[in-house]
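Asks: Let me give you the structure first, and then I'll get to my questions.
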Ligand SMILES: [Zn+2]
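Residue numbers (our numbering): 1 to 269.
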């Protein structure tokens, strides 16, 4: 039997406590499904630290991001920036983030979110790291801040893209990569994404689960629990390939090559 083509899950919240009882098993199942590399998302200073520690357990498989999610922006104070800079300088860290703006939930004030976003983009520029970006219901403010820093940023990915055509083309015009999750498997709210994903050039596309969140709604048989896992990435990638009328192997090969380069994994000889 030929092994499944390798994939990279660029957004996995493996430090989340829902994985505490069976994290090794979750990783083993993902590897068996062909998910050969995983990028562990940091969303607070502490979870970024945990993500780095997890990378150290399997440096051949994992990379981390280090950053503060807009939900937690109010917790990031100026005196925390040296710690964040130190986390970002760790060799295990492939990107700064996740960072950005989320005006849908507004768990932090807009002012706190915008300040934290500026700080993190500045650190990414200073350290030459790409950025892992989150945006929800805040497109205009997000673009204004991002445009200011973009000329000095090496690269960025709009993670978990769920926006409209205007947002997509703004991101593509800024030279960003676009991360697609199992949101596209949702027959109700993911419908527009099935059309839009065709407009993402293949070399700008990345795939992710955002596990334990965003369990694909069309899995057969349906899992008995709501927790998403990285082993479902091939399913998401298959849906993306079908929407784009492209062979699965082509989408797998292109997204894997892009992800390995973006997050600074050692490229296999
Ligand atoms: Zn996010």
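Just so you know, even glycine gets a beta-carbon here, dropped at the ideal spot from N, CA and C.
All values derive from a computational prediction rather than experimental measurement.
Could you name the residues of the same chain whose beta carbon sits closer than 7 Å to that of residue 235, not counting the 5 residues immediately before and after it, in chain order?
Replies: 216 and 219
Asks: From this set, 231, 40 and 120, which residue's C-alpha is nearest residue 31's C-alpha?
Replies: 231
Asks: Which runs of the alpha helix (DSSP H) at least 4 residues long sit entirely within the stretch 198 to 252? Give them in chain order.
Replies: 233 to 244
Asks: Spell out a yes or no on whether the stretch 147 to 160 and the stretch 47 to 60 are touching, meaning 3 or more CB-CB pairs, one atom from each, closer than 8 Å.
Replies: The stretch 147 to 160, when compared against the stretch 47 to 60, does not touch it at the 8 Å Cβ threshold.
Asks: For residue 65, which residues does DSSP report across the bridge?
Replies: 95
Asks: For residue 266, which of helix, strand or coil comes out of DSSP?
Replies: coil
Asks: Measuring only from the beta carbon, is residue 16 closer than 7 Å to any heavy atom that is part of ligand 1?
Replies: no
Asks: Are at least three pairs of beta-carbons, each pair with one atom in the stretch 118 to 131 and one in the stretch 89 to 99, less than 8 Å apart?
Replies: yes
Asks: Since residue 158 is in the alpha helix (DSSP H), which residue starts that stretch and which ends it?
Replies: Where residue 158 is concerned, there is no enclosing alpha helix (DSSP H), although the beta strand (DSSP E) it sits in stretches over 156 to 158.
Asks: Compute the distance between the beta-carbons of residue 39 and residue 229, then report whether it is under 8 Å.
Replies: no
Asks: Extract the residue ranges of the beta strand (DSSP E) inside the stretch 9 to 75, only unbroken runs of 3 or more that lie entirely within it.
Replies: 35 to 40 and 62 to 66
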